[in-house]
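Q: Residue numbers (the numbering used here), protein chains in the order written: chain F, 124 to 442; chain Z, 124 to 442.
Heads up, the beta-carbon is just placed ideally off N, CA and C, and yes, glycines get one too.
(1) Going along the chain, which residues of its own chain have a beta-carbon closer than 8 Å to the beta-carbon of residue 124 of chain Z, five neighbours each way excluded?
(2) Does any C-beta atom of chain F lie closer than 8 Å to the C-beta of residue 510 of chain Z?
(3) Rounded to a whole number of angstroms, what is the C-alpha to C-alpha distance between residue 298 of chain F and residue 243 of chain Z?
(4) Would you list the one or two residues that DSSP bridges to residue 274 of chain Z?
(5) For residue 142 of chain Z, report the span of its beta strand (DSSP E) as first-last.
(6) So the alpha helix (DSSP H) residue 237 of chain F belongs to, where does it begin and stop?
(7) Taking a Cβ distance cut-off of 9 Å, strictly less, list which residues of the region 147-172 of chain F are near chain Z, in chain order.
(8) So residue 275 of chain Z and residue 286 of chain Z are supposed to be a Cβ contact under 8 Å. How far apart are they, rounded?
(9) In chain order, what residues of the same chain have a beta carbon less than 8 Å from the beta carbon of residue 338 of chain Z, not counting five sequence neighbours either side?
(10) Cβ of residue 208 of chain F less than 8 Å from any chain Z Cβ?
(11) Decide yes or no for the touch test of the region 340-357 of chain Z against the region 391-400 of chain Z: beta carbon pairs closer than 8 Å, at least 3 of them.
(12) For residue 239 of chain F, decide whether its Cβ has a neighbour in chain Z, counting only Cβ atoms nearer than 8 Å.
(13) Would you identify the three-state DSSP class for residue 382 of chain F, choosing helix, strand or coil?
(14) Report the three-state DSSP secondary structure of residue 206 of chain F (helix, strand or coil).
(15) Would you please verify whether the beta carbon of residue 340 of chain F is less than 8 Å from any beta carbon of chain Z?
(16) Please classify residue 323 of chain F as buried or exposed, where buried requires at least 16 neighbouring CB atoms within 10 angstroms.
(17) Could you name the residues of the same chain whose beta carbon sits closer than 6 Å to that of residue 241 of chain F, not counting the 5 residues immediately before and after it, in chain order?
(18) Quick test of the definition: if touching needs 3 or more C-beta pairs under 8 Å, does the region 400-407 of chain F touch the region 359-371 of chain F?
(19) So what does residue 322 of chain F bridge to, in DSSP terms?
(20) If you measure from the beta carbon of residue 192 of chain Z to each beta carbon in chain F, is any gap under 8 Å?
(21) What does residue 246 of chain Z touch in chain F if you count any residue whose Cβ is under 8 Å from its own?
(22) Under 8 Å between beta-carbons, which chain Z residues line up against residue 179 of chain F? List them in chain order, please.
(23) Going by the DSSP bridge assignment, what does residue 173 of chain F pair with across the sheet?
(24) Nearest chain F C-beta to residue 212 of chain Z closer than 8 Å, yes or no?
(25) Run down chain F in chain order and give the residues with a C-beta less than 8 Å from the C-beta of residue 336 of chain Z.
(26) At the level of alpha carbons, what is the spacing between residue 364 of chain Z and residue 291 of chain Z?
(27) Using a C-beta to C-beta distance shorter than 7 Å, which residues of chain F count as neighbours of residue 72 of chain Z?
(28) So, are the CB atoms of residue 227 of chain Z and residue 196 of chain Z less than 8 Å apart?
(29) Please list, in chain order, the residues of the region 216-231 of chain Z that have any C-beta partner in chain F closer than 8 Å.
(30) Where does residue 124 of chain F sit, in a helix, a strand or coil, going by DSSP?
(31) Hey, residue 179 of chain F and residue 218 of chain F are a contact pair by Cβ (cut 8 Å); roughly how many whole angstroms apart?
(32) When the Cα of residue 258 of chain Z is compared with those of Z:283, Z:317, Z:245 and Z:419, which residue comes out closest?
(33) Per the contact definition of three or more C-beta pairs closer than 8 Å, is the region 318-336 of chain Z in contact with the region 299-310 of chain Z?
(34) Short of 6 Å in beta carbon distance, which residues of its chain neighbour residue 253 of chain Z, apart from the five on each side in sequence? Order them along the chain.
(35) Based on the DSSP secondary-structure assignment, which residues constitute the bridge partners of residue 187 of chain Z?
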């Protein structure tokens, strides 16, 4: 289907995607009536992964009709309040359910310490297991499953900060059913055929794999580059992702302040998207001083052609 | 003008009151898309006093068009998350302004400890002075000014909890301008006349105070009885306030559960209002299980005639 985004209130139930990005909050430090603090949820084949949890994220989560029982991992980019302070309330609320299971919070060591203290006070006796996975501000794969992995990239903010890249692993080739039936490939061989093997029939004739299979679906990827100053060399570390969220706290007219506060302008974010070879750029973390979000889109479009203007309630499908 | 309440979206700028109650959140532990966690702001002659600060209170504060620079005191009833977890975010946001001044948080000793730890981590270098006033779960006057005092009443919840009563002190009598001019009362005497003294003219004739003054405006009062089990004897401690907020987490059909969880039913809240001789009852802290808030009003009305059904955005004027 290709990249497509729509606001929640235009939700189209006939869109079925395996990888989508829900924007719960895309404001910056000072929450306003237009923009909430940072929080994003990745829906990957029905499993939910939250990146950052600003105040109000639990309500936005409900507004997006997401299911808490599907949420197993929360990734914090850094320990500024506007990215974290919705977590105590959300964990408390989750504690009221009887869900069981496990929740893993990926954060730095000092985050695990202070959050642990807060949960001990305000969210005791949780019905699920709460674990911290201690990460470091470095390049590393921090989570890996059969179908995807998640890696960190160190960013340049005022305190230790990472970006996250979600990448699907290479997928099995698609079986061409008619051909497999025609050549009487036994069921026990199917996984090997999917993996790319040729098939040797009992009469000795070798059927090349490309006759039996079609190319697999492309591997999708999403990079989440939160609060950071512009890092020219980061594009290479990110790679040609399908969707790049890169913070656009400022417009270029405040470029000096952006640098001083270790944030980026829309132009800089677009430059990273262009240099990384990303398919699309998702904006966000707008400073509350700006009244017209369209200005972020306009500025980014001068550098990069495919800009998705972020806002609360936006759902972006990668397939 | 007498007691009057209106929702924010029916705000009437011609209402000028000296004492009003803003409902920022009147839900209970589990926030929903209908009700936010607990927070109330008292506007007394332009000075703001917040009681409890559930998640999202800072945004509701903005929605009510209240000014952070007018907020100097925050009173916590108890240390459950749905009454407290909006505070770290709000204090962080306040720290982004350059307001100066002082903010006092009234809470128990363990609240000061955990909140102090949280602020040290997430809200360093505040431009204003942040102080804790340590309270205890007992009857005490915790704040007193020339015009009002605030006292605590211990409640019966699962952890130490207090209610707060805001009471105006007796006010000076109103000068009858024409009579004061006629009897040539010197300006230097006016405060003594307001305090009730008679006036002796230079010719020896005594003018009784009641000729020179009219009765003062009545002393207004508001009691905030947050999370608590029903305490029959509490009515006497509260007294005949103008407005009693008394939590109504449950309906009477769940009376046993209310007792078990140390909460009250709408019927019990109305009983307290009736026994205290309150002029009006304000409901709230609705359990998320109920879908029709009107049921709280109906149940309370069976016991007490003047019930104000609370909701987010409600502003109730005491005068």
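A: Judging by the given coordinates:
(1) Interpretation of residue 124 of chain Z is limited by its pLDDT of 43, a score under 50 that renders its predicted location unreliable; the figure taken from the coordinates is listed afterwards. These residues qualify, in order along the chain: 138, 140, 440 and 442.
(2) In this structure chain Z extends from 124 to 442, so residue 510 of chain Z is not present and cannot be described.
(3) About 58 Å.
(4) BP columns for residue 274 of chain Z point to Z:264 and Z:288.
(5) Looking at the DSSP string, the run of the beta strand (DSSP E) that includes residue 142 of chain Z is 142-148.
(6) Unbroken alpha helix (DSSP H) run through residue 237 of chain F: 232-245.
(7) Only 152, 153, 154, 155, 156, 159 and 160 from the region 147-172 of chain F bring a Cβ to less than 9 Å from some Cβ of chain Z.
(8) Correct: roughly 7 Å between the Cβ atoms.
(9) These residues qualify, in order along the chain: 296 and 297.
(10) So, interface residue.
(11) These segments touch.
(12) The beta carbon of residue 239 of chain F does not come within 8 Å of any beta carbon belonging to chain Z, so the residue lies off that interface.
(13) Assigned with DSSP and collapsed to three states, residue 382 of chain F falls in helix.
(14) Correct three-state label for residue 206 of chain F: helix.
(15) Contacts with chain Z at 8 Å (Cβ-Cβ) do not include residue 340 of chain F.
(16) Exposed is the call here.
(17) These residues qualify, in order along the chain: 211.
(18) With the cut-off at 8 Å, the region 400-407 of chain F and the region 359-371 of chain F touch.
(19) BP columns for residue 322 of chain F point to F:330.
(20) Output row for residue 192 of chain Z: interface = no.
(21) The contacting residues are 204.
(22) Here the neighbours are 178, 179 and 182.
(23) Under DSSP, residue 173 of chain F forms a beta bridge with F:164 and F:197.
(24) The Cβ of residue 212 of chain Z sits closer than 8 Å to at least one Cβ of chain F.
(25) Proximity of chain F to residue 336 of chain Z at the Cβ level (cut-off 8 Å) is not reached, the minimal Cβ distance being about 47 Å.
(26) When rounded, the separation of the alpha-carbon atoms in residue 364 of chain Z and residue 291 of chain Z is 11 Å.
(27) Here chain Z covers residues 124 to 442 and nothing more, so residue 72 of chain Z does not appear.
(28) In contact: residue 227 of chain Z and residue 196 of chain Z (Cβ atoms closer than 8 Å).
(29) Listed in sequence order: 216 and 219.
(30) Residue confidence for residue 124 of chain F is low, a pLDDT of 43 falling below 50, so the modelled location carries little weight; the figure read from the coordinates is stated next. It is coil, neither helix nor strand.
(31) In fact, because the Cβ distance is near 18 Å, the residues do not count as touching under 8 Å.
(32) Comparing Cα positions, the closest option is Z:283.
(33) Because the criterion of three Cβ pairs below 8 Å is met, the region 299-310 of chain Z and the region 318-336 of chain Z touch.
(34) The answer, listed in chain order, is 226.
(35) In the DSSP assignment, residue 187 of chain Z forms no beta bridge with any residue.
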